[in-house]
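Enquirer: Residue numbers (this note's numbering): 5 to 227.
The structure under discussion is supplied below as structure tokens; questions concerning it will follow.
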């Protein structure tokens with residue numbers, strides 16, 4: 005979740021698991037990312053309680069004014085209704101997504117090798133430190149083996165969220181998708197903002213707009 009956020013941004017998460025929320029808040033403070041947790045219950049005093057039937061004006065007054073990313077983790081019922089209400093109160097510039105859509109967002113963002121190396125090094129050092137200092141942790145998340153995630157497994161996996169145990173020698177098939185399925189730019193529409201073009205024209209800038217398919221290398225070379 006934090007990997008799609010920029011430093012100094014505000015991340016709002018709706019109805020996350022308490023264990024997941026505490027980790028994200030802690031990691032967010034380290035990465036200079038402000039995390040706001042919302043819920044329809046008042047189980048945690050640090051969370052923002054949102055009633056699913058509140059007026060939009062009330063919801064807006066309860067939320068930070070500069071939320072840049074909103075992730076809905078609700079699984080139906082009043083939580084899902086409240087999540088939709090919150091999303092409708094956020095500005096158009098805010099990225100609104102669900103926890104199920106996060107993998108595709110991470111795939112299209114991309115990282116350099118140097119970035120990945122540093123991130124892995126930091127995560128490993130942090131994990132070793134926490135394992136050594138918190139062996140008596142009161143974690144409430146269930147443990148699930150990686151082979152239980154495979155379709156057709158005879159053992160039903162526990163309900164999400166859960167901790168995945170990767171320490172196994174069992175071979176697990178993995179399906180890899182191509183980048184083509186994650187391209188969201190379509191050839192039958194324009195991505196030029198008329199207000200932006202007008203602003204540049206008024207500033208004396210000449211802007212030429214023409215039709216082109218940026219996914220076609222040959223078409224790009226002609227222009």
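Each residue gets a CB set at the ideal place from its N, CA and C atoms; glycine is no exception.
Just so you know, these numbers come straight off a predicted model, no measurement behind them.
Of the choices 93, 77 and 181, whose alpha-carbon is the least far from that of residue 20?
Expert: It is 77 whose Cα lies nearest to the Cα of residue 20.
Enquirer: Going along the chain, which unbroken runs of the beta strand (DSSP E) with 3 or more residues stay wholly within the region 12-88?
Expert: Whole beta strand (DSSP E) segments, 3+ residues: 14-18, 38-43 and 73-76.
Enquirer: Using a 10 Å radius around the Cβ and a threshold of 16 neighbouring Cβ atoms, would you call residue 152 buried or exposed?
Expert: That one is buried.
Enquirer: Pick out whichever of 85, 49 and 103 has its Cα sitting closest to the Cα of residue 73.
Expert: Ranking 85, 49 and 103 by Cα distance to residue 73 puts 103 first.
Enquirer: Whether or not the region 84-96 and the region 123-133 are in contact is what I'm after, with contact meaning three or more pairs of Cβ atoms, one per stretch, closer than 8 angstroms; do they touch?
Expert: In short, these stretches do not touch, since the Cβ pair count stays below three.
Enquirer: Excluding sequence positions up to five away, which residues of its chain have a Cβ less than 8 angstroms from the Cβ of residue 196?
Expert: Around residue 196: 213.
Enquirer: Between the region 37-56 and the region 78-93, can you find at least three pairs of beta-carbon atoms closer than 8 angstroms?
Expert: A contact exists between the region 78-93 and the region 37-56.
Enquirer: Pair every Cβ in the region 53-63 with every Cβ in the region 198-214, then say whether three or more of these pairs are closer than 8 angstroms.
Expert: No: fewer than three Cβ pairs fall under 8 angstroms.
Enquirer: Rounded to a whole number of angstroms, what is the C-alpha to C-alpha distance between residue 168 and residue 215?
Expert: One C-alpha to the other measures close to 47 angstroms.
Enquirer: Could you check if residue 150 is buried or exposed, using at least 16 other CB atoms within 10 Å of its CB as the buried criterion?
Expert: Exposed is the call here.
Enquirer: Taking C-alpha atoms, which residue in 133, 131, 165 and 132 lies nearest to residue 146?
Expert: Among 133, 131, 165 and 132, the Cα nearest to that of residue 146 belongs to 165.
Enquirer: Give the range of the alpha helix (DSSP H) segment to which residue 205 is assigned.
Expert: That run of the alpha helix (DSSP H) goes 198-206.
Enquirer: Count the other C-beta atoms from every protein chain shown that fall within 10 angstroms of the C-beta of residue 9, then say buried if there are 16 or more, exposed otherwise.
Expert: Residue 9 should be labelled buried.
Enquirer: Just verifying my parser: in three-state terms, what is the DSSP assignment at residue 102?
Expert: Of the three classes helix, strand and coil, the one that applies to residue 102 here is strand, per DSSP.
Enquirer: Residue 149 bridges to which residues according to DSSP?
Expert: Residue 149 is bridged to 169.
Enquirer: For residue 222, name the three-state secondary structure that DSSP assigns.
Expert: Three-state DSSP puts residue 222 in a helix.
Enquirer: Excluding the five sequence neighbours on either side, which residues of its own chain have a C-beta within less than 8 angstroms of the C-beta of residue 91, listed in chain order?
Expert: Once the five neighbours on either side are set aside, the close Cβ partners of residue 91 are 74, 76 and 100.
Enquirer: Specify the secondary structure class of residue 122 as computed by DSSP and reduced to three states.
Expert: If DSSP states are grouped into helix, strand and coil, residue 122 belongs with the helices.
Enquirer: Compute the Euclidean distance between the alpha carbons of residue 1 and residue 50, then round it to the nearest angstrom.
Expert: Only positions 5 to 227 of the chain appear in this structure, which leaves residue 1 out of reach.
Enquirer: By Cβ distance, which residues of its chain are closer than 7 angstroms to residue 170, with the 5 residues on each side in sequence left out?
Expert: So the qualifying residues of the chain are 150.
Enquirer: Leaving aside the five residues before and after residue 52 along the sequence, list all residues of the same chain whose C-beta is less than 8 angstroms from its C-beta, in chain order.
Expert: 40, 41, 42, 43, 66 and 67.
Enquirer: Just checking my contact of residue 54 with residue 6 at CB under 8 angstroms: how many whole Å lie between their CB atoms?
Expert: With a Cβ gap of about 22 angstroms, residue 54 and residue 6 do not count as contacting.
Enquirer: Could you work out which residue in 211, 33 and 154 is closest to residue 175 when comparing CA atoms only?
Expert: Among 211, 33 and 154, the Cα nearest to that of residue 175 is on 154.
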